[in-house]
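See structure below.
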Amino acid sequence: MTLPNAQFSDYKTVIQQHSLQKLFSSNLLRITTFDSLQSFYAPFDTINPHAKIVLVGIAPGQLQWRNAVTACKDALQQGYSDSEALSIAKATGAFSGPLRQNLIKILDHVGLHEKLRIETTAELFLQQQHLVQHSSLLRQCILNNGKNYTGTSPNMLRNAFLRQHVEHYFIPQIQNLPDALYIPLGQSVIEVLNYLSSLGYLSQNQILDGFPHPSGANAERIQYFLNLKTKDQLSNKTNPEKIDQAKQQLIEKLERLEL
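No gaps in the numbering here: position 4 of the sequence shown is -6 in my numbering, and each next residue is one more.
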């Protein structure tokens, strides 16, 4: 299959002319379908060419997608330019909801804000947006059987539909940000970045992994990472040794970096 090159210009009029209820309950923003997978246009086209940090998630979930489309529509109605509307959409939608608060906590916990010489990484979503590219391997909202795609089944690199999304949207971002530091959020993202590194798109020194995924479903691992839970308080589902090792390696790597 050939993936359509979905751009803001293809969906701007649709976003402007239809109500939010219609946009979110219909297929007006659907790009394509492949087996159980569907992709929906998310207004995350903007690339910040001066970003020092690239935060890489799996894909915008339905909450992030709705927040971004809503912000984009509001901005266009208020008379903002296309580029301004896209910037507002990304700042509003990217990693929005509880995900963002968890992300800020884990980034601050290891001292990333100090490396960037800012008060807190919360500023990366506000006045210091020029330092960061909010990104995901799959730029569009991807649903699997009507639910958010979680990054594991099907495998991103083995599934033709998902692999094309990575090649079509994410690799060009790397090429536009060849010197940035990439922070993968989730094991499936780490695996894809390592694969892209093996192909020469970025170096291992550019990948700062070891963070737990900031989703609410990962709450126990996040609490342990933040030292809010001790080993004896953990369930059998959480491996503290693995988290400790990844965290230590992450901190040591961060200390060596110059941003």
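Idealized CB from N, CA, C, for every residue including glycine.
The alpha carbon of residue 131 has as its nearest neighbour, out of 27, 242 and 172, the alpha carbon of 27. Taking the CA atoms as reference points, residue 105 sits about 7 Å from residue 249. Counting the other CB atoms within 10 Å of its CB gives residue 207 a total below 16, which places it among the exposed residues.
For residue 30, the enclosing beta strand (DSSP E) begins and ends at 27 to 30. Boundaries of the alpha helix (DSSP H) harbouring residue 90: 88 to 99, taken from the DSSP string.
Judged by DSSP secondary structure, residue 10 falls within the alpha helix (DSSP H) whose first and last residues are 10 to 15.
If you draw a straight line from the Cα of residue 111 to the Cα of residue 95, it comes to about 8 Å. Residue 150 is classed as exposed because its beta carbon has fewer than 16 other beta carbons within 10 Å across all chains shown.
With respect to the C-alpha of residue 233, the residue from 217, 173, 127 and 19 having the closest C-alpha is 217.
For residue 230, the uninterrupted alpha helix (DSSP H) segment begins and ends at 230 to 246. For residue 20, the uninterrupted beta strand (DSSP E) segment begins and ends at 20 to 24. Judged by DSSP in its simplified three-state form, residue 137 adopts strand.
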